[in-house]
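Reviewing the structure listed below.
Numbering (the numbering used here), first residue to last: -19 to 266.
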């Protein structure tokens, strides 16, 4: 019995195959460029799924997809995404037609990533926050195994404000951090190059990274006071590639809990276990 999962982004389409009894163990994976035409994108996903199934015996019992943008989960529609061609696309119906014996699941990529991190920790009743810091910033809250959906568009913390009044995403996502580093040093370079200099204790870079870490730590501190989660996971490209940064932010958050009756809140900020496969694993585990 097989599970097919997909993590669909604006530039790449990631696909995976796993078994029903161990959905978190990806047996096969592949990536292709995301076509920018509606039918071509769907056909690329189906073609990729069939390639993963080549040489394998057994039925597909689940197809699960995580993707960005606005979704109508009840109707199974992909309503709109900024960087993908689907508009009111009946994704669930089309997948059910392609795999008639499978149950089909569709979720936002943020929620699939959070789901995998939650379940791989064997959580069932815990409260949990997943924060992704990459080209953008967003989060997902899971409480007692269920996504906190609010009135419909939860987790858009990238649009919350920093201490300077700027959007959190503009300051703390990867592109915003890179822009800040380049402007303040008047130097060109990639984000990785600036992080390398930070690890080498470059005195020009260290205070800028520390300021960025403080903005993130203060935001997490507020989340923890609001919801008292059992764990906060920092994921996304920036954090997945820099475990030292996650550790340093975790220690900063712990420092903010200086009052003795908040001692129990320390040590709750963790790195992603699933790393770059968070979306695929989380989809498979829906």
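Note that the Cβ used here is the ideal one computed from N, Cα and C, for glycine as well.
- Taking residue -8 as the centre and dropping the five residues before and after it, the same chain places the C-beta of 11, 12, 13 and 14 closer than 8 Å to its C-beta, in chain order.
- Our two residues, residue 217 and residue 253, have alpha carbons roughly 13 Å apart in a direct line.
- Residue -7: not part of any alpha helix (DSSP H); member of the beta strand (DSSP E) spanning -8 to -1, first to last residue.
- When the beta-carbon positions are compared, residue 264 and residue 94 stay at least 8 Å from each other.
- In the displayed model, residue 92 falls within a helix according to three-state DSSP.
- The beta carbons of residue 205 and residue 161 sit about 30 Å from each other, so the pair does not count as a contact at 8 Å.
- In the DSSP assignment, residue 129 is bridged to no other residue.
- Each residue's CA atom was taken as its position, placing residue 35 and residue 64 some 31 Å apart.
- Judged by their CB atoms, residue 232 and residue 194 are nearer to each other than the 8 Å cut-off.
- Within the segment 187 to 254, complete alpha helix (DSSP H) segments of at least 4 residues are found at 217 to 220 and 223 to 236, given in chain order.
- For residue 113, there is no enclosing alpha helix (DSSP H); the enclosing beta strand (DSSP E) has its first and last residue at 107 to 113.
- Between residue -18 and residue 40, the C-beta gap is smaller than 8 Å, which places the two residues in contact.
- The C-beta of residue 141 has fewer than 16 other C-beta atoms within 10 Å across all chains shown, which makes the residue exposed.
- Assigned with DSSP and collapsed to three states, residue 181 falls in coil, not helix or strand.
- Comparing alpha-carbon positions, the option among 89, 75, 6 and 3 lying closest to residue -10 turns out to be 89.
- Residue -19 has no beta-bridge partner at all, per DSSP.
- Nearest to residue 246 by alpha-carbon distance, out of 209, 257 and 134, is 209.
- Under the 10 Å beta carbon count, residue 80 is surrounded by fewer than 16 other beta carbons and is classified as exposed.
- For residue 213, the closest alpha carbon among the candidates 108, 37, 91 and 5 is that of 108.
- Counting only residues of its own chain and dropping the five nearest sequence neighbours on each side, residue 43 has a CB closer than 6 Å to the CB of -16, 75, 79, 82 and 84.
- Under DSSP, residue 117 forms a beta bridge with 113.
- One alpha carbon belongs to residue 137, the other to residue 117, and they sit about 7 Å apart.
- Residue pairing of residue 6 in beta bridges, as defined by DSSP: -2.
- By the C-beta criterion, the segment 14 to 29 is judged to be in contact with the segment 55 to 69, since at least 3 inter-stretch pairs fall below 8 Å.
- With fewer than 16 other Cβ atoms inside 10 Å of its own Cβ, residue 38 counts as exposed.
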